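Asker: Handing you a structure now.
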Amino acid sequence: MHASISSLVLNRLLLGVVTLFVISIIIFCGVELLPGDLAQEILGQSATPESIAAFRQQLGLDRPATERYLEWLLGVVSGDFGASLANGREISELMGERLGNTLFLAGMSALISIPLALTLGVLAALYRNTAFDKGTSICTLTAISYPEFFVAYILIFLLAQTGFFPSISNISGDMSLMEKAYRTVLPALTMTMVVTAHMMRMTRAALINLLGSPYIEMARLKGVSPARVIVRHALPNALGIVINVIALNLAYLVVGVVIVEVVFVYPGLGQLLVDSVAKRDITVVQACSLIFAMTYVLLNLLADVLSTLSNPRLIHQR
Amino acid sequence: MTDNDLLLNIKGLRIEALSDDGWNEIVHGVDLTLKRGEVMGLIGESGAGKSTIGLAAMGFTRDGCRISGGSVVFDGEELLEKNEKQKQALRGSRIAYVAQSAASSFNPAHRLIDQCCETAVLHNVLDRDTARDEAVELYEKLRLPNPGEIGFRYPHQVSGGQLQRVMTAMAMSCKPDLIIFDEPTTALDVTTQIEVLSAIRDIVRQFNTAAIYITHDLAVVAQMADKIKVLRYGNEVEEADTRIMLSDPKEEYTRSLWAVRSHRSVEKPAVKDSDVPIISIQNISASYGSDGPRVLHDVSFDIHKGRTVAVVGESGSGKSTTARCLSGLLPISEGCILHNGEELPISSKQRSKEQLRELQMIYQIADTALNPKQRICDIIGRPLQFFLGLRGEEKKARVRELLTLIELDPDIYYSRYPTELSGGQKQRIGIARALAAEPDFIICDEITSALDQLVAEGILKLLERLQSELGLSYMFITHDLATVEAIADDVVVMQYGKVVEAGTKHEVFRPPHHPYTELLLSSVPDMNPDWLTGLLQQRAAMDGSGESVKRPEASNPKESVCQSN
Amino acid sequence: MKNKNPIDNLLGNAQVSRRRFLQGTTLAGASMAVGGSLLSGNVLAEPVPRRGGHLKAGLAGGSTSDSLDPTTFSDTFMISVGFSIRDNLTELGQDNTVKPALAESWEAEPGAAKWTFKLRQGVQFSNGKPFGAEDVIGSINAHRGADSKSGAKALVEGIKNISADGDHTVVFELTSGNADFPYILTDYHLNVGPVVDGKPDWLSGAGTGLYLLEAFEPGVRAVLKRNPNAWQTEFGFFDSAEFIAISDDSARQSALLTGEVDVINRVDTKTVHLMKRRSGIRILDVPSRTHYSMPMFSDMAPYNDPNVRLALKHAIDRQEFLDKVLHGYGQIGNDHPLGPAFRYHAADIPQREYDPEKAKFYLRKAGQEGLTVNYHCADGAYAGAVDGGVLFQENASKAGIKVNVVKEPNDGYWSNVWLKKSFVASNWGSRPVEDMILSLAYLSDAKWNEGHFKDQQLDQLIIAARSELDESRRREMYRDVQLIIRDQGGSIIPAFANLIQGLSEKVSTTGQIGGGWDMDGGHFLKRWWQS
Amino acid sequence: MKDLTKTLRQISLSAWFGIVVVSVYILVAFFAPVIAPYGETEIVGGVFEPWSDEFLLGTDNLGRDLYSRLVYGARNTVGIAILTTLLAFAFGSLMGVLSATIGGWLDQLMGRSVDVLMAIPQLIFALLLLTIFGTSIINMILIIALLDSTRVYRLSRAAAVNVVAMDYIEAAKLRGEGLGYLIFREILPNITAPLVAEFGLRFCYVFLLISALSFLGLGIQPPTADWGSMVRESANLISFGEVTPLIPALAIALLTVAVNFIADWFLHRSTGLKG
């Protein structure tokens, strides 16, 4: 059993590395294809052809793209992501704290949204086709049909202007954990609104899909209460699906927060990435994209491992 | 009979089911009484309402059904007046249920022991430790191997026959007054069935538990029940003590059920040596995947024109694999297959359209063999168009002709969807689709095992008629020896991917048998109520154990039988 | 000068372009006073500033790629940081006139081609280094030279040589006379930093300014603390401050409403009217020299006919443009770039009105009845450019001119559309002095002569005015310039935009604040105080 | 005919609600010029006029009638969202079914490619592509459809793998049927249920992505009226408790709920009485 799990992990990690490699090529080409380059973006119109040339030479942008990519790749392989082209700061220094912040926000959102989604999903499955079910359905659908920034504005109007929570979440390293958490409530709530519906609906669907199984009927015929049927008999078997959905949404919580970061002035990676795309700061774009992609790959791997572990058929061989 | 003895009293039970047209009554006022310790057999075809009534005895209806009338009095209490909570308290502790397919009725996520003890702990009958100890005791009584250890396995780690016994143990965990057995052995191989039947019978007697035993297999019910109730279309046909019922059925319908087993095919002339077999399988071996386990070893047999070859064996014996090799779905690693003396390409992809047309296949489970999103006319019409190039009116006429040939009214069924058909009708459509290609050879893969006996009988007769009219050859894969006797000309017995015995039906079925053939033959239940007792005594006398012949009890999902009713 | 950033408005903050790269100055005219009704404070006697307190400012225009190097400064956040921690030689006062800063005094030789600046004595950088001439020379030189990457390169191109005359005197030699040179030195790029071995040390954040940089996270925040050793004592009221980069309009607005910050810049014009109604919020609405223009190629048919140009100039309703594109927060334009905020604005030139009949008349004169033109625009030019085009289309149709509004992609607008298509939307940032904008865009051979308008007389006037030290003659020259451009030039200039700041009542300002750039020209931290 | 009335009778209340709402939207989109009192980009009044008889929902920042823009917005918004979602489904499900049917290297290649596409943050990728190719509506539809089709691919492949294991597919293969027949006649009809259910949510996500892009300045460009950018344009007003921006947002929400109700019902109907 352990052999199979570790070979799964190893296999997927190798695949993940290949995926990251391909992504780095795609992103590199993408940024290369963007109109304008860093020199032009930074110099703006004050640029003269000579100054652009000088600038490019200084940053090595005059060399062929393949050469620059290979050099970057060599750096990455030896653990050096290079420095930001725009302001010369080391990538690790530039991104370290922001990555932490992004993960903190994702963690906060997950802490609220996952239990909420699971509870709602289980309750909706338990009271399926009742007013409660329909009501939750309408509420969550409405929540996800509002654009993120709009949800954020509404929350600010309702919860920040009334003085409950701060409207901007400019957390910094010198804050205490409690203060950070307090300042992060609104963005976390916004993200919660965005991801809960999907997780809740999938949980509900996965549970209801299992309710037709003979073992569920068996459980009911054993005199098991409806709540216990759902939680003890249906949920463990829906875990595989639920875990995957959670992983997908967790990935979104990490990589999809650009807009929430902008609205709440949250110093995370998303804003850094967007700014860097605007400035064509290719090393930062690459590093951010790879971190995001890595998050996605790792979370998916984690989900697969967990759902394997949650399924006795896969870990206890005959 | 005093009221005290009376455990279950169902009066005028009416049950409705929700269909597209609203609520339709499916059980029309059935009465049923059961005394303590008594075993009642409920028998009937699919749709007779057996399971529905069995569940109603627990005050339970499936989603989309409701009890619309009558009363269910259990041990002096009216179940239908109880609320859900009160009924929950009763279920599992005083009335237990054993489902048809243990493999799918155990929760795959939990260990067996936890599932077995759940009821007792939940109903506060026993504490967890005591419940575990008792469960192990029950395993022992049910003659499960390694009783102390088996409970810590997950359902998928245990074979079907053992699971069915564990489920009986689970039902017994609270020592209930009544157990509903819903076709507990239908999905099992005959040899396994015996073990389960004997275990169930012993334990029910030991604890003096009353039981309702639901089945469509007369021979099985004959071994288990004190009295038998025959049902049809939600009505009671008749009820009597087992022996009386078997020897002297009153109703025509009951007699027709009894008569099913008497069908025998007409004797055909022997094969001449000079005949070129239509299919000749020569020393084929095969395995799943390039490095997978070898599943066929050196299999050879011939199929001659106009004859039926039955390939018999238990789950995992390689009979379906042989069919897959034959149809070119599974590559053979050694040997060859000749069709009318010509070698067939190994893969179906390399075979010519003509070769594909001449070799057709009918599947075990008609539900998965017919595309639910296509109309009957499209299903049958497609091979007509594909192989024979028929179109428009011509195709339409031929589809109608084929429907008539398989005894379905073209006016009714022409544009229906498979989901609107019964199991037997679906299987007929499968046959029509095969016939549409105008083949000379058809592989029939367990085509009757999912069907009620009467329906299966009809299918077999149809196949025979088609054979005599069209000169078809069949390779008939089955685990049911009764079917073999009914239809086969030649028999091939397989075990562990090898041919154990082959020859004409008479050669194979006439002693002396190969030991495996002997085991198979002796395991086929007989209508004699004393058959099981006799057989067990006989086997015990031979080597002192009910489980003398060791087999792998693998259950091949393709060969598990759909839940009927 | 244009900062052609294709994804400039990525973060939705394109409401006021960051393209203005020079803040300017005007005469302290009555027109500069902030609209009376907008300011509660200015009718009362000037309040007395008091010291103490902590200021939190939510600023648009911060980016994660920001750097403390002033050659890269382009927007409010870094400009404000720069002016808080460093000083220039000269500084624009709140009355928009040039004031001494690190230079105590200056004088020009006749012809204005050689300027001598006397530096302040006894000033120390926050890292302890004494301030002297080498710092000035090194800091200015950082923007000069062929390989300069500075946004101020064009500004300092006119400097031929800088030399020290002793430790505290610096002499600038210019290639040609420029009477406005001290104004140029107020530019936000031209901070003076400690110079070691000829190179200024920007990244440490050391400076002579009133505030010390405690913490700086690009695109996030800057934390500042008053410098106890600053040479300047007159200003610098707050003890400490935090600048928070908030690029989203709505977030900035909410932050002010919820008291998360005390001041914000670039209040969304769409919601200023709602903002004003809130108690405890004050709106500072300051006219600026930022203007929107609609240049057409004057050397290409049909625009080579002056009558066609006049017809088009009469076919736009400038008031409606101001009301709808700028929501009234601006000044009406008169088809020349020297708007009311400029020192030499000639207020006596009559305002050109929307007059479809006159437009028709000029069309007839040109023989171009039923004229159809393509007007190319994108919101990348300025927020509302497309709306402006749609408005123009409606206006012009009444004059019988069919305007096709061609919406161009935002990306590459400045490189692919502007200066390439014959009739486009354009946007010019604040220039402190008249000559800057004229030399850049109205000389015949100017690099960015967007209207292709070439006129010898205009060229002579612009060049002569540049070095003219006599006020009244200079004023006369610039009046002629305005007339020529208004009546013959190749651009419709419908409006000048205002700078709008939002303040909580906890913050006080003088009645008048600088209008070259928003937030008091970036000097707000020094000049504003706690109420 | 009888089938039809029977089907109509079985439609649940919530599904009816969905059908009515969607029909109204389609009618509004179709007859927009008739319903709207003013033109889509026509400037008819002052800036931000309040609700009145003349301007039902007031006017926007340019003095255009909001009600008219809302009506025209139905056209652009619903049209673009439907087109995008349909494209995503057409492409994604076709590739998914193809992968499941053919298997082998194609399946591997597609699987890995989709992994790569999905690992790149969607919004950033869309932003990159739109910046490269320009923000025309066509480009936006194609790019969002491509990015969205990865999710559809996964779903349809998973569903198709189950169908491909069915005996009727084996029967068709044994008949020597071509790929086209297998995909379009045998497999696709059997995976419509999960696809339709997913359609509801995907449809909604397209809205979200478009409005997220408009937040970053890359959405549907003005002066075209679409609900996402209408929300964006007036979103600031929310901070002052104004209801105007809520109206286009509610229009989107109502449509989302309606579409999902229909999808739920369809799923319910095709899976029997499970839900």
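Protein chains in written order, with my numbering: chain B, 1 to 318; chain X, 319 to 883; chain U, 884 to 1414; chain P, 1415 to 1689. Don't be surprised by glycine CBs; every beta carbon is placed ideally from N, CA and C. Since this is a predicted model, take the numbers as computed values, not measurements.
Let's test the definition: count the other Cβ atoms within 10 Å of the Cβ of glycine 1267(U) and tell me whether it reaches 16, buried, or not, exposed.
Answerer: Here the question's residue 1267(U) lines up with position 384 in the third sequence. Glycine 1267(U) is buried by the Cβ-count criterion.
Asker: Since leucine 778(X) contacts valine 842(X) with CB under 8 Å, what's their CB separation in whole angstroms?
Answerer: Working through the second sequence from its first residue, we reach residue 778(X) at position 460. Working through the second sequence from its first residue, we reach residue 842(X) at position 524. Between valine 842(X) and leucine 778(X) the Cβ distance is about 16 Å, and since that is not below 8 Å, they are no contact.
Asker: Which residues in chain P sit within 7 Å of threonine 766(X), going by Cβ to Cβ distance?
Answerer: Walking along the second sequence from the start, residue 766(X) turns up at place 448. Within 7 Å Cβ-Cβ: nothing; threonine 766(X) doesn't reach chain P, min ~16 Å.
Asker: What's the gap between the Cα of phenylalanine 827(X) and the Cα of glutamate 554(X)?
Answerer: The count along the second sequence starts at 1 and reaches residue 827(X) at position 509. The count along the second sequence starts at 1 and reaches residue 554(X) at position 236. C-alpha separation (whole angstroms): 38 Å.
Asker: For alanine 238(B), decide whether its Cβ has a neighbour in chain P, counting only Cβ atoms nearer than 8 Å.
Answerer: As a working note, residue 238(B) is residue 238 in the first sequence. For alanine 238(B), the answer is no, since every Cβ of chain P falls outside 8 Å of its Cβ.
Asker: Anything in chain P within Cβ reach of lysine 691(X), meaning under 7 Å, just list it in chain order.
Answerer: Position 373 of the second sequence, counting from 1, holds the residue named residue 691(X). The contacting residues are Pro1603 and Asn1604.
Asker: Is it buried or exposed, methionine 860(X), if we count other Cβ atoms within 10 angstroms and call 16 or more buried?
Answerer: Working through the second sequence from its first residue, we reach residue 860(X) at position 542. It is exposed - the Cβ of methionine 860(X) has fewer than 16 other Cβ atoms within 10 Å.
Asker: Among the residues of its own chain, which have a CB less than 6 Å from the CB of lysine 329(X), if the five just before and after it don't count?
Answerer: Indexing the second sequence from 1 puts residue 329(X) at position 11. Within the same chain, lysine 329(X) has close Cβ partners Asp349, Gly388 and Ser389.
Asker: Can you confirm whether valine 1075(U), when its beta carbon is compared against all beta carbons of chain P, has any partner nearer than 8 Å?
Answerer: What you label residue 1075(U) is simply residue 192 of the third sequence in a count that begins at 1. So, not an interface residue.
Asker: Locate the alpha helix (DSSP H) running through histidine 824(X), then write down its first and last residues.
Answerer: Numbered from 1 along the second sequence, position 506 holds the residue referred to as residue 824(X). Taken as a continuous stretch (DSSP letters only), the alpha helix (DSSP H) holding histidine 824(X) covers 823 to 827.
Asker: Do the stretch 248 to 267 of chain B and the stretch 126 to 143 of chain B make contact, defined as three or more Cβ pairs closer than 8 Å?
Answerer: At 8 Å Cβ cutoff, the stretches do not touch.
Asker: For chain B, find out if any of its Cβ atoms is closer than 8 Å to the Cβ of glycine 1250(U); answer yes or no.
Answerer: Numbered from its first residue, the third sequence carries residue 1250(U) at position 367. By this cut-off, glycine 1250(U) is not an interface position.
Asker: Kindly list, in the order they appear in chain P, the residues whose Cβ is closer than 8 Å to that of lysine 134(B).
Answerer: Position 134 of the first sequence, counted from the first residue, corresponds to residue 134(B). The contacting residues are Ser1428.
Asker: For the alpha helix (DSSP H) containing cysteine 1260(U), name the first residue and the last one.
Answerer: On the third sequence, residue 1260(U) is found 377 positions in, with the first residue counted as 1. That residue, cysteine 1260(U), is in no alpha helix (DSSP H); its beta strand (DSSP E) goes 1255 to 1260.
Asker: Fully enclosed by the stretch 1056 to 1137 of chain U, which alpha helix (DSSP H) runs are 4 residues long or longer?
Answerer: If we require 4 residues or more, the alpha helix (DSSP H) runs fully inside the stretch 1056 to 1137 of chain U come out as 1064 to 1067.
Asker: Going along chain X, which residues have a C-beta under 8 Å from alanine 1585(P)?
Answerer: By one-based count along the fourth sequence, residue 1585(P) stands at place 171. Result: Met679, Tyr681, Ala687 and Arg751.
Asker: Take leucine 301(B) as the anchor and find which of Gln286(B), Val260(B) and Asn244(B) has the nearest alpha-carbon.
Answerer: In the first sequence, the residue the question calls residue 301(B) occupies position 301. Cα-wise, what sits closest to leucine 301(B) is Asn244(B).
Asker: Taking its Cβ as the centre, do 16 or more other Cβ atoms sit within 10 Å of valine 18(B), making it buried, or is it exposed?
Answerer: Here residue 18(B) is taken as the residue at index 18 of the first sequence, counted from 1. Looking at its Cβ environment, which holds fewer than 16 other Cβ atoms inside 10 Å, valine 18(B) is exposed.
Asker: Output needed in chain order: residues of the stretch 223 to 252 of chain B with a Cβ under 7 Å from some Cβ in chain X.
Answerer: Hits within the stretch, in order: Gly223, Val224, Ser225, His233, Pro236 and Asn237.
Asker: Exposed or buried, what is leucine 769(X) when buried is set at 16 or more other beta-carbons lying within 10 Å of its beta-carbon?
Answerer: The residue given as residue 769(X) occupies position 451 in the second sequence. Buried.
Asker: Between the C-alpha atoms of isoleucine 597(X) and alanine 238(B), what's the straight-line distance to the nearest angstrom?
Answerer: Taking the first residue of the second sequence as 1, we reach residue 597(X) at position 279. Taking the first residue of the first sequence as 1, we reach residue 238(B) at position 238. Computed Cα separation, rounded: 47 Å.
Asker: Nearest to proline 297(B) by alpha carbon, out of Ile1457(P), Gly1493(P), Gly1642(P) and Arg1526(P)?
Answerer: Residue 297(B) sits at position 297 when you count from the first residue of the first sequence. Reading off the sequence shown, one finds valine at residue 297(B), where the question assumed proline. The residue with the shortest Cα to Cα distance from valine 297(B) is Arg1526(P).
Asker: Classify aspartate 1521(P) as helix, strand or coil using the three-state DSSP reduction.
Answerer: Taking the fourth sequence and counting its residues from 1, the one referred to as residue 1521(P) is at position 107. The answer is helix: DSSP assigns aspartate 1521(P) an H, G or I state.
Asker: Using a Cβ-Cβ cut-off of 8 Å, state whether phenylalanine 499(X) counts as contacting chain B.
Answerer: The sequence position of residue 499(X) within the second sequence is 181, counting from 1. Phenylalanine 499(X) does not count as touching chain B.
Asker: Please confirm whether valine 1144(U) and alanine 1138(U) have their CB atoms less than 8 Å apart.
Answerer: Sequence index remark: in the third sequence, residue 1144(U) carries index 261 (1-based). Sequence index remark: in the third sequence, residue 1138(U) carries index 255 (1-based). Yes. Within cutoff.
Asker: Can you list, in chain order, the residues of its chain with a C-beta nearer than 7 Å to that of phenylalanine 960(U)? Leave out the 5 residues immediately preceding and following it.
Answerer: Here residue 960(U) corresponds to residue number 77 of the third sequence, with the count starting at 1. Once the five neighbours on either side are set aside, the close Cβ partners of phenylalanine 960(U) are Leu942, Gly944, Gly945, Asp949, Phe1126 and Ala1128.
Asker: In the DSSP assignment, find the beta strand (DSSP E) that holds serine 1387(U) and state where it starts and stops.
Answerer: Locating residue 1387(U) in the third sequence gives position 504, where the first residue counts as 1. Where serine 1387(U) is concerned, the enclosing beta strand (DSSP E) stretches over 1374 to 1387.
Asker: Work out the CA separation of aspartate 1363(U) and glutamate 1240(U) for me, nearest whole Å.
Answerer: Counted from its first residue, the third sequence places residue 1240(U) at position 357. Counted from its first residue, the third sequence places residue 1363(U) at position 480. Approximately 27 Å, taken between the alpha carbons.
Asker: Mind listing the chain U neighbours of isoleucine 156(B)? Cutoff is C-beta to C-beta under 7 Å, in chain order.
Answerer: Locating residue 156(B) in the first sequence gives position 156, where the first residue counts as 1. Ordered by position in chain U, the residues that pass the 7 Å Cβ test against isoleucine 156(B) are Ser1137.
Asker: For the stretch 125 to 153 of chain B, list every residue whose C-beta sits within 8 Å of some C-beta in chain P, in sequence order.
Answerer: The stretch 125 to 153 of chain B vs chain P, Cβ under 8 Å: Arg128, Asn129, Lys134, Ser137, Ile138, Leu141, Thr142, Ile144, Ser145, Tyr146, Pro147, Glu148, Phe149, Phe150 and Tyr153.
Asker: In the DSSP assignment, find the beta strand (DSSP E) that holds threonine 533(X) and state where it starts and stops.
Answerer: Within the second sequence, residue 533(X) is the residue found at index 215, counting from 1. Looking at the DSSP string, the run of the beta strand (DSSP E) that includes threonine 533(X) is 528 to 533.
Asker: Output needed in chain order: residues of the stretch 694 to 723 of chain X with a Cβ under 7 Å from some Cβ in chain P.
Answerer: Per Cβ criterion, the list reads Pro701 and Phe704.
Asker: For serine 213(B), return the contacting residues in chain X, with the cut-off set at a CB-CB distance below 8 Å.
Answerer: Within the first sequence, the letter at position 213 stands for residue 213(B). By Cβ distance, chain X contributes Ser422.
Asker: Would you mind sorting histidine 937(U) into buried or exposed? The rule is 16 or more other CB atoms within 10 Å of its CB.
Answerer: In the third sequence, counting from the first residue as 1, residue 937(U) sits at position 54. Under this definition histidine 937(U) is an exposed residue.
Asker: Compare the C-beta of proline 663(X) with all C-beta atoms of chain B and state if any pair is closer than 8 Å.
Answerer: As a working mapping, residue 663(X) is identified with position 345 in the second sequence. It does not: the Cβ of proline 663(X) has no partner Cβ on chain B nearer than 8 Å.
Asker: Residues in the same chain with beta-carbon distance under 7 Å from serine 1414(U), minus the five sequence neighbours each way, listed in chain order, please.
Answerer: Here the question's residue 1414(U) lines up with position 531 in the third sequence. Only Glu1388, Lys1389, Val1390 and Ser1391 meet the Cβ criterion.
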